[in-house]
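Below is one structure; the comments refer to it alone.
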Amino acid sequence: MFKKVMQYGGVLLEYTGSDSVVERINCSKPLEKELELYVLSVGNLASPNVEYEYTVSVERAETYQWQLSPHWSACDRVCQGTRYREVQCVRRSDSVSVSESHCSREPRPDREEVACNLGCTLIWKVTHRSECSSSCGPGTRRVQSQCFQSFPGALQIDLSPIQDHNCQHLPDRPALLEACQGACEPTRWRFGDWSECSRTCGGGTQERTAVCVTSTGSVMADTYCDHKERFVSQPCGHTECPSWRVGNWSTCSRSCGGGQRRRPYWCALGDSYLPESQCDTTLVPSHTQPCELPPCAQWRAGTWDECSVTCGQGVSRRTVLCVAPDGHRIDDDLCEGQRPETSRACERPACPPPTAPPPTSTPAAPRWSDPATNLIDHYRNYVWRWGNWSECSVTCGRGVKSRSVACYNSRTGHVQRKEACRHMEQPREGKPCQQAFCGEWRFGNWSACSATCGRVSKALQSLKRRQVTCVSVVSSAPLEEEQCDNSTRPAALRSCPFVSCPPAPASTLSNHITGSDWVTGAWGECSRSCGGGFQQRQCSRSCGGGFQQRQVRCRTSDGDGASSCDPNTRPSPTGYCNTEPCPQWSTGQWSECNATCGSGTHMRRVRCQDHLGQLLADHQCSAADRPSPLRPCQLPACPRPASRQFRWRVSRWSKCSQSCGIGVQYRRPSCHRLNMFGWRDPEPAPDALCAARRRPQTVRKCHRSCSTRHRWKTSPWSQCSSTCGNNGHQLRKVRCVNARGKHVSRRHCLKSERPRRRRRCGRRPCGPLSCLEARDRLGTRQDGEYYLIVAGSNTSIYCHGMNSSQPPLEFLTLPTDPPDVFSNFAEIDAKRLLQPHTCPRNGSRISAAQCRECVRARSPHAGFTVFTKVRLNITSLNIIPRDFTFANTSGRGRPVNYGEAGDCYSSAGCPQGRFSINLRGTGLRVAAATHWVGVGNKSTVRIHTSRVSRGAYQRRFII
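Written out as structure tokens, the structure reads:
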């Protein structure tokens, strides 16, 4: 910049320009207003050195003072507000406002305040109350309030609405929700006629319908009536039913192998015979059953040989023999049935066409070459092929099965060396196999008793013995005992009946004191209750062989003395006892894994049985040796649900954080599952299941006008254009009004604050909500499964009574169980202890026939009920437990409510009654807040929950 002269503040300022070494700004007169000087440094230069000089007239030195501003501020409130006059620093000479730093030496006075807008007051006024959320009883309703301006002497209708932020300082704004009381009409149950008894004998039930109605006859939901007064079933048909009787089993229809045996059966009532039509034909007792005798001679076929050719059509052969049960070959005429084929056709890959005259000898297979060095052959041409498993290498005991495994060239059909298939895992060529026991028990005749009278020794009773050995079934050669079934081993010892010995002649005791004899005590308990043992004072073992003992001493006429009695006739003090085998645990086959993916469990049945195969109570087997009934199983990991099955849902935006100016709004997102029909599950799912990139915005800016002159006014929402589905919408009018409520141009109101005039509505699914609605919509009157909208989702519900004049009832169909397995039942156990304060067998559950401590009379309250469908209140989702329309007691006492159980067994915490709830496949589950309460004296509640598959729960309970 060049040299320049500028006029500012009543003086001339001279500037030397930027080309001077020292830049100067000179002024010869006092400035009449403040001057701000900015120094600009361009480039990478050092900071400039700024110096300044000024002169002040001593005679005219300026002074400053604090002074109230002549201007009042605007009133801070529409009504009952305050306005102010601020304090400012001024020059005494001309009262011009200057910087407050000139007055810093003097104390600053307070600003002046006066009340303003005293001619009116502000109040909150309720403008609208919604309907009560309850049509009967306590509920809530929403309250809308607005800020109004009131003037003295004005009526209520003269109040002027203004912006709500003007009343924010008032503490008594009405709450958004307030309690209300729905006007209830008196209700009662209207009952239908009793149905026919479900059974003509043996105990049945009668049903009738119950509808909740008002005094005017209007139908209401069941929840508005007293459920204690709703009786829709009663017992009936208590006369005894005819029942099936059976006779003895006949002999087997065959002399060897598998056959059948039969027994007669007939229908009877008391001692009278009745036609079979009088009994339940679905409960006809089993009158045929298979019987197994020693196996018959049978055909035994060997493994098929390799095909007779390497390409084209050929023949494969095998050996077929007739063998006896012991495994040796016999004449073919002794085998029954058709002899198996000994040859069959086989086919290899087609032979290549000849390219030269056939050679005089059969060509050998092409020489194998390593695929890694031969580019013509490729790994994919070499594959493993294998034959069928051979018979077990042994006819009894543990052996091996084998098969041929070879590497083939799938293009040429030739067998290659196994190295050619090393890129694939080689199938195994052998596996173990287990056949029947090789040996059987053989035993000889019983020996004579070890003593013809009296005892053998001090405490041992006279015994018989026999030899028991394990021999081969085929050759009768002796085998190790492991080759025979130990559970069928015959006893090797047996006690002899006790016979007192006659007094010995005096000559036989010539070297002993006359009148002496051996005296024995009583036998103690056996050391083992089974499996063979000894006798003693107390049993040495509970099973598997024990012994008993007794005292043996010599008694003489003048005292005791062992030397006075003959030692050769001394009775044995020890004896064998309880030689029968001990009970053992028997296990069934492992079930399939109860999961389709991920981690699961195999299950099997574990029972206690004796050596004859009879089932016993579990406590009779050793608890320490009990096999585990469960084992884990691991399947491939479950696929993660696709994100398209889950959608984000957001709440409404919150109010702006500022009532005037710029603020923020918030809303809360949640992840929800979509069912097969596309409807949203109301219960939130974990956020990780929804796509993170599609997560909705949760914060946004908002702006509220600070003006009190104009605002947006809305009318009520119109009716929804659709009653269901996702296509409905509602409309309302949005207008801009002034402080007095008159419509003005919308340009006076802020566009950013304009409320929306259109919104979606009617989002519930467009399906029937009840069986009555389904009957009216579909025009059908047939009972069956129908899809109803339950809790916002399509659910399969069984509609019962569709052809009735009364509203049909809704039932939930429970999962189908295999025969004799119940997963939805309720039981009140019939057993009662003679001493109810005890807890026998550590509280384990036993049958009534095995309970020796129980009263023989059956409890009149006992019952066992199996449910296939349960009544469901589709509005409250409550199960009605007393409905037995689709329940079966099978003649096992009175009906028991669904989800209940009990017994009169013990007061010491030994529950026997049970119930089970299984909602697998229904789309519903037991609510987490559900709990069971024990009722009665010293009740015990035990609840077990298991998840059997994804999204489904099974609960087993003991009360």
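First residue of the sequence shown? That's 352 in the working numbering, and the numbers climb one at a time after it. The beta-carbon is built from N, C-alpha and C at its ideal position, and this holds for glycine as well.
In this structure, Ser1267 and Phe1176 form a Cβ contact; the two beta carbons are roughly 6 angstroms apart against a cut-off of 8 angstroms. Cβ atoms of Pro641 and Gln611 come within 8 angstroms of each other, at about 6 angstroms. Within a 10 Å sphere around the beta-carbon of Ser623 sit fewer than 16 other beta-carbons, which makes this residue exposed.
In summary, Phe499 is buried, with 16 or more beta-carbon neighbours lying within 10 Å of its beta-carbon over all protein chains present. Rounded to the nearest whole angstrom, the CA to CA distance from Gly678 to Cys800 is 40 angstroms.
DSSP, reduced to helix, strand and coil, places Lys1220 within a strand of the structure shown.
Gly1014 and Arg1107 have their alpha carbons spaced roughly 19 angstroms apart.
By alpha-carbon distance to Ala696, the top candidate from Gln935, Val957 and Asp656 is Asp656. Within the model, the alpha-carbon separation for Thr1216 versus Ser741 is close to 52 angstroms. Asp544 sits exposed, since fewer than 16 C-beta atoms from the chains shown fall within 10 Å of its C-beta. The C-beta of Ala1043 has fewer than 16 other C-beta atoms within 10 Å across all chains shown, which makes the residue exposed. When DSSP reads this structure, Tyr759 sits in a beta bridge with Val734 and Val766. Looking at the backbone, the Cα of Arg1105 and that of Trp1063 are separated by about 6 angstroms. In the three-state reduction of the DSSP assignment, Gly553 falls in the coil class, being assigned neither a helical nor a strand state.
Residue range Cys1122 to Leu1129 is occupied by the alpha helix (DSSP H) that includes Leu1129. The beta carbon of Lys1289 sits closer than 6 angstroms to those of Ser1258, all from its chain and outside the five residues before and after it, given in chain order. A residue is called buried when at least 16 other Cβ atoms come within 10 angstroms of its Cβ; Gln900 meets this threshold and is buried. Within the DSSP secondary-structure output, Phe1162 pairs in a beta bridge with Tyr1149 and Arg1222. Of Tyr415, Trp475 and Trp423, the smallest CA-CA separation from Val447 is found for Tyr415. One Cα belongs to Val957, the other to Gly1194, and the distance between them is close to 18 angstroms.
Among the bridge pairs identified by DSSP, Cys618 is matched with Trp595 and Leu625. Under the three-state reduction of DSSP, Asp868 is assigned to strand. By the criterion of at least three beta-carbon pairs nearer than 8 angstroms, the segment 475 to 494 is in contact with the segment 523 to 537.
For the options Leu1120, Arg1203, Leu830 and Leu469, the alpha carbon positioned closest to that of Ala968 is the one of Arg1203. When beta bridges are read from the DSSP output, Cys905 appears opposite Trp869. Per the Cβ contact rule, the segment 1139 to 1148 is not in contact with the segment 542 to 559 (fewer than 3 Cβ pairs under 8 angstroms). Per DSSP, Tyr405 lies in no beta strand (DSSP E) and is assigned neither H nor E. If the five residues before and after Gln996 are omitted, its C-beta is found closer than 7 angstroms to the C-beta atoms of Arg1024 and Leu1025, all from its own chain and listed in chain order. Taking 8 angstroms as the cut-off, the Cβ atoms of Phe1218 and Leu1165 count as close. DSSP, reduced to helix, strand and coil, places Ser448 within a strand of the structure shown. With fewer than three CB-CB distances shorter than 8 angstroms, the segment 510 to 524 does not count as touching the segment 564 to 575. At least 8 angstroms separates the beta-carbon of Val824 from that of Gly781. Exclusion of the five residues before and after Arg581 leaves Trp540 and Ala561 as the residues of its chain whose Cβ lies within less than 6 angstroms of its Cβ.
Cys1053 is positioned such that its CB atom lies no closer than 8 angstroms to that of Pro1035. Scanning its chain for C-beta atoms nearer than 6 angstroms, with the 5 sequence neighbours on each side dropped, one finds around Glu464 the residues Thr433 and Tyr435, in chain order.
With three or more CB-CB distances shorter than 8 angstroms, the segment 1250 to 1264 counts as touching the segment 1173 to 1187.
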